[in-house]
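Worksheet for the structure shown next.
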Ligand SMILES: NC(=O)c1ccc[n+]([C@@H]2O[C@H](COP(=O)([O-])OP(=O)(O)OC[C@H]3O[C@@H](n4cnc5c(N)ncnc54)[C@H](OP(=O)(O)O)[C@@H]3O)[C@@H](O)[C@H]2O)c1
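Residue numbers (the numbering used here): 108 to 349.
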């Protein structure tokens, strides 16, 4: 049985990754988010053994080891993968930047995931597992969009962390990659106006949103042994934003 930890499983991309993983044999998903959605509850009812969930707020950094690793997963359970998916966006122009919302976003998008990664790698080492980590990044870290500087900077930090994790732990067979996603239709992007969305699509080769399916299938590939030689990379799934 392969055990995969995923943050932000209740909706959007996290839910899509969870659904696709559960279709595979011998996979158990340990997921967390602050709340459950109806769709997630339905999925959980259908997969009582293969899908485990706990309510956890990523911004609560000091409880990560106790709550997620000791109580939820259990230190005796080998972990094989981690998908760092949960994130929030703090969108505004830089001249309006305030420290409190910036700190809140960094706790959820960067500091929490970094601390989780620490314990994920320890768990890989404890059980001698050649595990795979995938951080979900955003095309905004590469191209630049007005109003997304703070959010994009949090994803840039993750990409650098991922690359360095790959270098630090590669000799133990542990891999780390960033999945650079283009604009997807989810709750996170629902606050954008039609005009803003159109401006984003215009910069893609395909002129369409990136599908959750394409992103989640690539993440599942990166988690798998078929991707055994891929580490330290930024893999773009972004409808060709070149
Ligand atoms: N949508 C896009 O266009 C787009 C583009 C590029 C990259 N991305 C990235 O893709 C990933 C998924 O985004 P999405 O669009 O699926 O977002 P979403 O629809 O807003 O879903 C976010 C998920 O994260 C969870 N979450 C949020 N805050 C949390 C917290 N404090 N603690 C624990 N869980 C938390 C949410 O559950 P609860 O609210 O119940 O906690 C939810 O399950 C993110 O990393 C995002 O940055 C998105």
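Cβ atoms here follow ideal geometry from the backbone N, Cα and C, with glycine treated the same way.
CB of residue i within 8 Å of CB of residue j, strictly
| i | j | result |
| --- | --- | --- |
| residue 236 | residue 286 | no |
| residue 138 | residue 293 | no |
| residue 262 | residue 247 | yes |
| residue 254 | residue 199 | yes |
| residue 226 | residue 176 | yes |
| residue 115 | residue 216 | no |
| residue 128 | residue 327 | yes |
| residue 151 | residue 135 | no |
| residue 140 | residue 117 | yes |
| residue 323 | residue 123 | yes |
| residue 349 | residue 312 | yes |
Nearest candidate by alpha-carbon position, reference residue i, set the options
| i | options | result |
| --- | --- | --- |
| residue 290 | 315, 272, 270, 280 | 315 |
| residue 190 | 178, 300, 331, 335 | 331 |
| residue 266 | 278, 256, 257, 249 | 249 |
| residue 336 | 298, 278, 180 | 278 |
| residue 242 | 160, 258, 288, 347 | 288 |
| residue 171 | 218, 320, 282 | 218 |
| residue 284 | 296, 239, 323, 309 | 239 |
| residue 223 | 147, 123, 188 | 188 |
| residue 340 | 244, 295, 300, 256 | 244 |
| residue 148 | 132, 125, 296 | 125 |
| residue 338 | 130, 273, 258 | 273 |
| residue 209 | 228, 234, 258 | 258 |
Distance between residue j and residue i (C-alpha atoms, nearest Å)
| i | j | result |
| --- | --- | --- |
| residue 205 | residue 183 | 42 Å |
| residue 318 | residue 307 | 14 Å |
| residue 230 | residue 110 | 11 Å |
| residue 276 | residue 154 | 33 Å |
| residue 174 | residue 167 | 10 Å |
| residue 280 | residue 202 | 44 Å |
| residue 108 | residue 302 | 46 Å |
| residue 163 | residue 142 | 8 Å |
| residue 298 | residue 282 | 34 Å |
| residue 195 | residue 264 | 15 Å |
| residue 212 | residue 220 | 12 Å |
| residue 346 | residue 300 | 20 Å |
| residue 321 | residue 310 | 19 Å |
| residue 144 | residue 165 | 17 Å |
Buried or exposed (CB count within 10 angstroms, at least 16 for buried), residue i
| i | result |
| --- | --- |
| residue 112 | buried |
| residue 156 | exposed |
| residue 178 | exposed |
| residue 181 | exposed |
Contact with chain D by residue i, beta-carbon distance below 8 Å
| i | result |
| --- | --- |
| residue 307 | Although the question refers to chain D, the structure presented lacks it and comprises just one protein chain. |
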